[in-house]
Structure formats: structure tokens, C-alpha cells
Amino acid sequence: VFLLHTMEDSFKVQEYLNERTPRSAVIIGAGYICLETADALIHRGLTVTLVSRPKTVLPTVEPELGKLVEQELASHGVELWTGVEIASIGHENDTLSVLSTTGQKLAADLIIVATGVRPASGLAVAAGLKTGQRGAILVNRQMETSMPNIYAAGDCVETWHRLLRRYTYLPLGTTSHKQGRVAGENAIGGNRSFAGVVGTQVVKVFELAIARTGLLESEARSAGFDPFTTETVGWDHKAYYPGARQLHFRVTGDRTTGRLLGAQLLGHWKSEVSKRIDVFAAALFHEMAVDDLSALDLSYTPPLSSPWDPIQMAAQDWSRAIRKQQSRLELANV
Ligand SMILES: Cc1cc2nc3c(=O)[nH]c(=O)nc-3n(C[C@H](O)[C@H](O)[C@H](O)COP(=O)(O)OP(=O)(O)OC[C@H]3O[C@@H](n4cnc5c(N)ncnc54)[C@H](O)[C@@H]3O)c2cc1C
464 VFLLHTMEDS FKVQEYLNER TPRSAVIIGA GYICLETADA LIHRGLTVTL VSRPKTVLPT
524 VEPELGKLVE QELASHGVEL WTGVEIASIG HENDTLSVLS TTGQKLAADL IIVATGVRPA
584 SGLAVAAGLK TGQRGAILVN RQMETSMPNI YAAGDCVETW HRLLRRYTYL PLGTTSHKQG
644 RVAGENAIGG NRSFAGVVGT QVVKVFELAI ARTGLLESEA RSAGFDPFTT ETVGWDHKAY
704 YPGARQLHFR VTGDRTTGRL LGAQLLGHWK SEVSKRIDVF AAALFHEMAV DDLSALDLSY
764 TPPLSSPWDP IQMAAQDWSR AIRKQQSRLE LANV
């Protein structure tokens with residue numbers, strides 16, 4: 464039974480795969496690390512069952528896209544147990560098994576558990592530093608902790624979220640690098656401020672890349688926005704040029720102000736999914752309206768895009784849908 468927190472953990476899995484040649488695996492969890500692991504183990508020839516407590520996998524995107532990820536997993540032979548909670552892991556007569564809270568049992572030669580991250584803030588707590596959400600160390604925008612001249616960064620700290628306008632816990636490598644640079648510079652007398660995150664992430668699962676930035680509709684609502692979401696399917700480049708593939712967009716904007724609040728994108732991993740979500744991320748960073756995306760001077764050549772990049776077409780769909788909804792409301796009020 465393995466965790467996947469450190470490089471050493473993954474080396475131990477490799478060693479076990481090479482020496483014991485397990486044939487079946489159960490992966491407990493359905494976040495990005497679990498999906499990447501399912502992909503890797505299928506490539507090694509194992510039969511893989513993925514157990515997800517939420518009803519759809521990859522809860523960092525909305526269930527509409529989670530369902531498409533499930534189809535991709537199933538088409539590569541991953542068996543899915545969704546909406547299932549594991550109560551215990553058993554070990555009898557050299558056989559491992561998992562048991563769900565509803566009594567489903569499954570044997571496996573290898574079990575991987577990747578159900579989330581907890582900040583390793585024990586050392587900080589022992590030193591008297593204040594902690595907040597999930598035990599993460601409290602820092603200010605200069606990455607200074609509650610104790611003057613002690614700086615912290617990365618998975619152990621709370622992170623400033625630009626859209627939520629508050630601290631949250633969002634451990635990622637991208638964030639850690641930026642925070643580390645700010646903390647390091649300030650620790651030697653600089654005056655740098657961490658700009659904050661907008662919640663951008665991407666994962667590759669078999670042939671798909673799935674990305675998001677900003678807020679999901681439910682998160683936007685909880686944060687006091689008035690979110691409205693549209694779904695658009697478009698081609699990654701001009702359909703007449705060979706090899707065009709579909710991209711699935713979900714765009715969320717604020718119904719009242721028109722401000723872009725978030726975007727999710729799923730497509731073939733060679734369809735520039737991550738760079739396209741990064742355009743949304745840059746727009747979110749600068750608090751742009753959904754409408755403003757159409758004004759961006761994005762690149763075009765038929766094998767790679769369209770005169771309106773699919774990002775812009777998805778944004779235009781959102782604007783059309785909101786105008787339609789508003790005119791329906793106006794008509795209803797006449
Ligand atoms: C399997 C996996 C895949 C990931 N993929 C991605 C990805 O694709 N994109 C992404 O953005 N993020 C990804 N992440 C997250 C990313 O790796 C982390 O957010 C990032 O490494 C955190 O950086 P950090 O410096 O805070 O912590 P770490 O990288 O964990 O480094 C902390 C270091 O401190 C050392 N340490 C701890 N305690 C002590 C002590 N008391 N004394 C001395 N040293 C100590 C540890 O040994 C470790 O070397 C992934 C994480 C995992 C586990």
C-alpha cells in the first residue's frame with residue numbers, strides 16, 4: 464500500500480512494480496494524481512480500479528467534464544467505482560483488499576492512496592507560528608509568518624486568491640515557486656509582494672488534457688458573485704485542415720457585471736489545452752470581462768487555430784447566451 468507524496472514514494476512504487484510484478488491495482492482517490500497514476504499503471508499492463516468518493520472523478524472540474532474524463536478512463540480499461548467511500552484496507556494470507564462503507568470488497572496486488580494533501584506545518588507550530596485553514600501557516604502577502612523575520616512558502620502555507628479576495632489552501636508547484644521567490648527575496652531585505660493565484664491547473668489523462676482556471680460556478684456563487692455558465696464545443700483548428708479535434712469549454716462569468724469568473728477546458732492533449740486555459744488565466748488576473756476576450760489579438764494559422772480562436776468563440780457564446788437571457792427577462796417584464 465503506497466502513498467504518493469514524495470519522490471521516494473514513487474521510487475518505492477517503481478521498485479515494487481519491477482520486483483513483484485503486481486497484476487492488479489486499486490487507486491483510492493480521483494484527483495489529478497490518481498488519474499495520472501491510473502494512466503501509468505494501465506500502460507504497465509495492470510488492471511486498474513479507481514475509487515472516487517465524489518460521484519464524478521476529478522472534482523476540480525464540473526461533473527459535465529468529469530463525465531467525459533470517466534469515458535476516457537473507461538475506454539482505456541480503467542474500472543470506476545464512483546460515489547464509493549473506502550472504510551478499510553485488509554491484508555489476509557498475503558492478499559490485499561479494500562472494503563467500502565457499503566460492504567463492496569475488492570482484492571488487489573497493489574493499492575495506491577492519494578486522497579489529498581495536508582500542510583506539513585508541525586515545525587512551524589512548535590516554533591509558535593499561527594496557522595489557519597487545514598493547519599496551513601498564516602502568512603501575509605510578503606510571505607512573512609506571524610513571527611517577524613520568519614518567512615514561509617509552498618504547500619505548508621495559506622495562499623492569497625485574487626478572485627476570492629481572501630486566503631485559501633491550494634497547494635501546487637506553480638504557486639510554490641512564486642511564493643518561494645517572494646519569501647526568499649524578502650528574507651534578504653527585499654520588498655516583494657505575492658500577487659496571488661487564480662486557481663489554474665491542468666492534467667493529462669491518456670489522450671486528454673483537462674484544465675481549469677478561476678472559480679467553478681458553485682464556488683463563484685458561494686463567493687457572492689452572480690455566476691452564469693455556458694458550455695461550448697469547438698474545433699481546435701480549422702476543420703478543413705486534417706486532424707481537427709473537439710474542445711469542450713465551460714465559461715463562467717458574472718451575470719451582473721459581465722466579469723470573467725472562470726473557465727474549464729477539455730480536449731486532446733495536443734490541442735493546446737494548457738496554453739488556451741492560460742489565456743483565460745491571464746484575463747482573470749487582469750479582471751477582464753468575458754466580452755473583452757474577443758478583442759484579444761490572438762495568433763492564427765489553419766493547422767493551429769481559427770481567426771476567432773475557440774477561446775473567443777466560447778466567450779462569444781457566453782455573451783450571446785447572457786444577452787438572450789436578459790432580453791427574455793425584459794420581455795417577461797413588459
Ligand atoms: C505526485 C505529485 C504530482 C504533482 N504534480 C504537480 C503538477 O503537475 N503541477 C503542479 O503545479 N504541482 C504538482 N504537484 C504539487 C507540487 O509538487 C507541490 O505543490 C510542490 O512540490 C510544493 O513545493 P514545496 O516546496 O512547498 O514542498 P516540497 O516540494 O514537498 O518540498 C519540501 C521539502 O522540505 C523538506 N523538509 C520537510 N521538512 C523538513 C525539515 N524539518 N527539515 C529539512 N527539510 C525538510 C522535504 O524533504 C522536501 O524536500 C504534484 C505533487 C505530487 C505529490
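Heads up: the sequence shown begins at 464 in this note's numbering, then just goes up one per residue. All C-beta atoms in this analysis are idealised placements derived from N, C-alpha and C, irrespective of residue type, glycine included.
At a cut-off of 7 Å, the beta-carbon of Ser639 counts as near ligand 1: some heavy atom of the ligand is closer than that. Within its own chain, the residues whose Cβ lies closer than 8 Å to the Cβ of Trp698, once the five positions on either side in sequence are excluded, are Ala707, Arg708, Gln709, Leu710, Ser769 and Pro773, listed in chain order. The continuous alpha helix (DSSP H) containing Gln775 extends over residues Pro773 to Asn796.
Counting along the chain, the unbroken alpha helix (DSSP H) around Phe743 starts and ends at Val736 to Phe748. In the DSSP assignment, Val532 falls within the unbroken alpha helix (DSSP H) covering Pro526 to Ser538.
In this structure, the beta-carbon distance from Asp472 to Phe669 does not fall below 8 Å.
Per the coordinates, the alpha-carbon of Glu750 lies some 26 Å from the alpha-carbon of Ser790. By DSSP's assignment, Asp717 forms a beta bridge with Pro690. DSSP places Gln567 outside any beta strand (DSSP E), giving it a letter other than H or E. The criterion of a C-beta distance shorter than 8 Å is not satisfied by Arg486 and Asp618. Sixteen is the threshold: since fewer than 16 other Cβ atoms of the shown chains lie within 10 Å of the Cβ of Leu794, the residue is exposed. Thr510 and Ile490 have their C-alpha atoms roughly 11 Å apart. Spatial neighbours of His539 in its own chain (CB-CB distance under 6 Å, excluding positions within 5 residues in sequence) are listed in chain order as Ile505 and Phe669.
Within the same chain, Cβ atoms closer than 8 Å to the Cβ of His624 are found at Tyr630, Thr631, Leu633, Gly659, Val660, Val661 and Gly662, the five residues on either side in sequence being excluded. Of Asn654, Leu747 and Leu767, the smallest CA-CA separation from Val714 is found for Leu747. With respect to Val514, Leu521 sits apart: the two C-beta atoms are not nearer than 8 Å.
Inclusion of Val576 and Val602 in the CB contact set at 8 Å is not warranted, their separation being larger than that value. For Val576, the uninterrupted beta strand (DSSP E) segment begins and ends at Leu573 to Val576.
Shown here for Lys530: same chain residues with a beta carbon closer than 7 Å to its own, the five before and five after excluded, namely Thr519 in chain order. Going by DSSP, Gln605 is part of no beta strand (DSSP E) at all; its letter is neither H nor E. If only complete runs of 3 or more residues are kept, the stretch 646 to 671 shows the beta strand (DSSP E) at 664 to 668, in order along the chain. In the assembly as shown, Tyr703 is an exposed residue. Its beta-carbon has fewer than 16 other beta-carbons within 10 Å. Taking 8 Å as the cut-off, the beta carbon of Leu724 is found no closer than this to the beta carbon of Phe712. In summary, Arg604 is exposed, with fewer than 16 beta-carbon neighbours lying within 10 Å of its beta-carbon over all protein chains present. The DSSP-derived three-state label of Leu761 is coil. In this structure, Met606 places its C-beta atom within 8 Å of the C-beta atom of Ala616.
Judged by DSSP secondary structure, Gln727 falls within the beta strand (DSSP E) whose first and last residues are Leu723 to His731. Here the alpha carbon of Ser656 sits roughly 18 Å from the alpha carbon of Gly636.
Taking the Cβ atoms as the reference, Ala550 lies roughly 6 Å from Ser563, within the contact range of under 8 Å. By the Cβ neighbour-count rule, Tyr763 is exposed, with fewer than 16 other Cβ atoms within 10 Å of its own. Distance from the C-beta of Asp760 to the nearest heavy atom of ligand 1 is not below 7 Å.
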